[in-house]
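Below is one structure, written out as structure tokens; comments come after it.
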Amino acid sequence: MKPTRFTLLPSLAPLGNEITGLDLSQPLDAKTFAELREAYNQCSVLVFRNQVLTPEQQIRFSRGFGELEIHVMARYLLPGHPEIFRVSNIVENGQRIGGSGEFWHTDLSYVAEPSRGSLLYSVEVPVRNGVVLGDTEFASTAAAYDALPAAMQKKLEGLKAVHRYGDIYNKIAQSRGGPALTEDQKKQTPDVIHPVVLVHPFSGRKSLFINEGFTVGIVGMPDDEAQTLLRELYDHTTRPEFIYRHKWQVGDLIMWDNWATVHRATGGYTAEERRLLHRTTLKASPEFRQSVAACA
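Numbering (my numbering), first residue to last: -18 to 277.
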């Protein structure tokens, strides 16, 4: 479908495009949303610059792509707007008000129906000597799968991976002096199993649905063998040719496809150099369940 209401700029990398000509603070019509969804399915990462959005406007735009998730970490949610998860290093009353992931991961891969995608809006960016810090990197797990040798693609057929939230969260909490997951939070995020190779329900492309943040093993495979295989796949997926690195500006909104990418924050700023972004997260859809069933 060729867009008519906006412009797709030349590809940013194997997985992204910048879109111009839209003011996301205004309601968009059904035709525009249909074209955006098509671009999203094909490009995996969409970048919108120079936006001025209230939380309500970000939530409204996000809902044009599906129902929204409410994150299990309630203390990181924006007061009055639980649909918005704060990504931040800001400390208030002795506690960080937001989380961040300085490791390669896919948002919510540790739940039974991993989120369709995320939309991240930049409110404050850390600046040092005129240089903006805190880039975000995205890697195409679809392009990475396509580049695997045929023998490896064959080896991965039918394999299933175990995903877990608690391990990485507790490591981060320990390093920052924060609280570990409570027993109730652990109960909300039990281990889940997903296919190692996922067929995207909208684009039809295969992708590696594993990530070093939340994938902890492979079903039926000895742990040492599983960890060796996973490390090989992680290193392959994050090769430079599969990565787009975004340099943030205030007013940027990026949306990405969690079923075809992994991402990470690059850090590099101090606790005094404020960073605040608002993330909305799209729930999975019936199409995801159908795709997982097809991979079984």
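C-beta: ideal position from N, C-alpha, C; glycine also.
Given the structure is predicted, the values throughout are model-derived calculations rather than measurements.
So which of the options has the shortest CA-CA distance to residue i?
{"i": "R145", "options": "A128, R256, N192", "result": "N192"}
{"i": "V108", "options": "E83, K228, R18", "result": "K228"}
{"i": "L15", "options": "F(-13), A123, E268", "result": "The sequence shown places Ala at residue 15, rather than the Leu named in the question. That would be F(-13), whose Cα lies nearest to the Cα of A15."}
{"i": "Y215", "options": "R67, E268, A125, N70", "result": "A125"}
{"i": "G119", "options": "S272, W237, P36, R97", "result": "The sequence given here places Phe at residue 119; Gly does not occur at that position. If we check each option's Cα against that of F119, W237 comes out closest."}
{"i": "T242", "options": "S121, S266, G98", "result": "S121"}
{"i": "H52", "options": "D127, T170, L234, E19", "result": "T170"}
{"i": "P36", "options": "L9, E64, L49, G47", "result": "E64"}
{"i": "H62", "options": "V72, A128, D4, E50", "result": "E50"}
{"i": "S266", "options": "L140, R97, A128", "result": "R97"}
{"i": "V173", "options": "S90, I235, L234", "result": "S90"}
{"i": "V104", "options": "E268, K264, H259, Q271", "result": "H259"}
{"i": "P130", "options": "Q38, T218, P182, L(-10)", "result": "T218"}
{"i": "W240", "options": "F42, H86, V72", "result": "H86"}
{"i": "V33", "options": "T262, A246, S272, Q230", "result": "Q230"}
According to DSSP, is residue i part of a helix, a strand, or is it coil?
{"i": "H52", "result": "coil"}
{"i": "R157", "result": "Bear in mind that the predicted position of R157 carries a pLDDT of just 49, short of 50, making it too unreliable to give a figure here."}
{"i": "F42", "result": "helix"}
{"i": "A120", "result": "strand"}
{"i": "Q284", "result": "Outside the displayed range of the chain (-18 to 277) lies residue 284, so it cannot be described from this structure."}
{"i": "P176", "result": "strand"}
{"i": "Y102", "result": "strand"}
{"i": "P36", "result": "helix"}
{"i": "E19", "result": "helix"}
{"i": "A132", "result": "helix"}
{"i": "A364", "result": "The requested residue 364 does not occur in the structure, where the chain is confined to residues -18 to 277."}
{"i": "E(-1)", "result": "strand"}
{"i": "T13", "result": "helix"}
{"i": "N151", "result": "Because N151 sits at a pLDDT of 48, beneath the cut-off of 50, its placement in the model cannot be relied upon, and the following sentence gives the value as read from the coordinates. In the structure shown, N151 sits in a helix (DSSP, three-state: H, G or I)."}
{"i": "L89", "result": "coil"}
{"i": "L114", "result": "coil"}
{"i": "L(-7)", "result": "coil"}
{"i": "L140", "result": "coil"}
Given a threshold of 16 other Cβ atoms within 10 Å of its Cβ, counted over all protein chains shown, does residue i qualify as buried or as exposed?
{"i": "G289", "result": "There is simply no residue 289 to check, as the chain begins at -18 and stops at 277 in what is shown."}
{"i": "N(-2)", "result": "buried"}
{"i": "T209", "result": "exposed"}
{"i": "G75", "result": "exposed"}
{"i": "G115", "result": "buried"}
{"i": "P11", "result": "The displayed chain sequence assigns Ala, not Pro, to residue 11. That one is exposed."}
{"i": "P203", "result": "exposed"}
{"i": "D165", "result": "exposed"}
{"i": "I235", "result": "buried"}
{"i": "P176", "result": "buried"}
Mind listing, in chain order, the continuous alpha helix (DSSP H) runs of no fewer than 4 residues lying wholly within the stretch 192 to 272? 204 to 218
May I ask you to verify whether the stretch -7 to 2 touches the stretch 217 to 227, counting CB pairs closer than 8 Å and requiring at least 3? Yes: at least three Cβ pairs fall under 8 Å.
Using 8 Å as the cut-off, can you tell me whether the stretch 26 to 38 makes contact with the stretch 185 to 199, which would need three or more C-beta pairs spanning the two stretches below that distance? no
Using 8 Å as the cut-off, can you tell me whether the stretch 192 to 206 makes contact with the stretch 82 to 92, which would need three or more C-beta pairs spanning the two stretches below that distance? yes
Three-pair Cβ contact test at 8 Å for the stretch 234 to 253 versus the stretch 133 to 140: no
Counting pairs of Cβ atoms below 8 Å between the stretch 8 to 24 and the stretch 51 to 70, do you hit three or more? Not touching, per the Cβ criterion.
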